[in-house]
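Comments concern the structure below.
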Ligand code: SAH
């Protein structure tokens, strides 16, 4: 076992942050011993407490920033920055954020790949107010405090900060959030308590399309009120709906939904859904195509950034004339439809049925006839598909591709695979397997879909070398 000579668990130390590894791990050296302190910025002098010592490495918790970093050249852009779990990098210029993420992604890929072209990082076309969706939670900022609505306090499971001046969402979100919070506070309605499983209010999900300005609001609650007194619940929700549709905002609210969620898991998920007003979807436009987005379908959260990402993906995919393309983890079918006009046929595979329905509808809306969308787990669906692909695009969720599914994908032996990843660390694991089994990374780049936060998207083009 490697002993730490100097750092001890429970003790407090000071040090300078040398660098930040993906996603938020600040590396601090105290003498010649290393500690990882999350949510710090390179160049900061910090004070931290050692929580844990594992394999000769200390893990510390940030207590205080003693000196700010020379890289921090601007002020925070909202009241709760620093406490909120959403953003980390308001105080860095956008160029500096890009440089940081570029280094992180390159560092990670360099660990597993040699001899490839790293094309750097492409920034988001807008740095602020870029999100087309936000999930806010109801709670309180401290135990037994007044009702709050917003994002989790950094590192906290319980505490919710009211984020009514959030700078990465459009102003309309903040106006809607304040309206909903004031309304329920005034009526004394309680939030759902995760420990006791009692209470009513759970989440407020807002979607606003950048190109059309359409807004969809989804209020998620338990069925507590419904079970107790249905007419009281309808009255409560009708009151809120009237207020919301009267709001003076820039976009237009085209739909208000009410979803019930009694599950114990702290995620927004679809249970029974009721339409309180308008319709249950919005339309967004990307690269000249129109997309219908419903409440629970995945859609890239930065629309203008998605255009950059998909344009780059299209470039990596290259020539697809008359080819069979597989778009695995296809969501609402955005990538499939962007490639369809220049391909023979595109097959999309996606787990969420609602997203597949939307993908099919979107394709017909866009007059695309050579796309097929299949509902199901990639792992299973690959066994059932008759078509054989000439090229494969992978855009899995954060955990990456299931190892067994990855083997099936590799077994097709296609010449080119384009891998889009929202979590570079999962990508690394999958790249190792792909390389062991005959693929080589040709090119890679990062695309910053999430300015101000620690997240970054990566894009990799692989080709088959062992034929
Ligand atoms: N390519 C799409 C969506 C990418 S997000 C776009 O750019 O918009 C990843 C998608 O994978 C989500 O829509 C999620 O519902 C889906 N998914 C997650 N696990 C899956 C699985 N095992 N099989 C198929 N789809 C899955």
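In the working numbering, the protein residues as written are 21 to 487.
Think of the CB as a built atom: it goes at the ideal place given N, C-alpha and C, for glycine as much as any other residue.
- Counting C-beta pairs with one atom in each stretch, the segment 463-478 and the segment 117-127 have three or more that are closer than 8 Å, which means they touch.
- Burial is judged here by how many other beta carbons sit within 10 angstroms of a residue's own beta carbon; residue 247 has fewer than 16 and is exposed.
- Per the C-alpha coordinates, the member of 189, 156, 271 and 285 positioned closest to residue 215 is 285.
- Under the Cβ criterion (8 Å, minimum of three pairs), the segment 61-70 does not count as touching the segment 150-166.
- Of the other Cβ atoms in all chains shown, fewer than 16 fall within 10 Å of the Cβ of residue 387; this residue is therefore exposed.
- Residue 50 is bridged by DSSP to 53.
- With contacts defined as CB atoms closer than 8 Å, residue 340 and residue 273 fail to qualify as a contacting pair.
- DSSP places residue 199 inside the alpha helix (DSSP H), whose first and last residues are 191-207.
- Residue 26 is classed as exposed because its beta carbon has fewer than 16 other beta carbons within 10 Å across all chains shown.
- Between the ligand SAH and the CB of residue 355, the shortest heavy atom gap is smaller than 7 Å.
- In the structure shown, residue 154 adopts extended strand secondary structure according to DSSP, grouped into three states.
- DSSP places residue 365 within a strand segment (E or B) once states are collapsed to three.
- Between residue 409 and residue 349, the C-beta gap is not smaller than 8 Å, which leaves the two residues out of contact.
- Only buried fits residue 227, as 16 or more other CB atoms lie within 10 angstroms of its CB.
- In the three-state scheme derived from DSSP, where H, G and I count as helix and E and B as strand, residue 87 is classed as strand.
- In the three-state reduction of the DSSP assignment, residue 128 falls in the helix class.
- Residue state for residue 354 is assigned as helix, using DSSP reduced to three classes.
- Not one heavy atom of the ligand SAH is found less than 7 Å from the C-beta of residue 420.
- When the beta-carbon positions are compared, residue 395 and residue 373 come within less than 8 Å of each other.
- Secondary structure remark: continuous beta strand (DSSP E) runs of at least 3 residues inside the segment 319-349, in chain order: 344-348.
- Per the coordinates, the alpha-carbon of residue 177 lies some 33 Å from the alpha-carbon of residue 251.
- Leaving aside the five residues that flank residue 92 on each side, the residues in its chain whose CB is nearer than 7 Å to its CB run, in chain order, 61, 111 and 112.
- Between residue 197 and residue 169 the beta-carbon gap is near 6 Å, inside 8 Å, which marks them as a contact.
- Restricting attention to 106, 402, 360 and 397, the CA atom closest to the CA of residue 383 is found in 360.
- Rounded to the nearest whole angstrom, the CA to CA distance from residue 455 to residue 254 is 57 Å.
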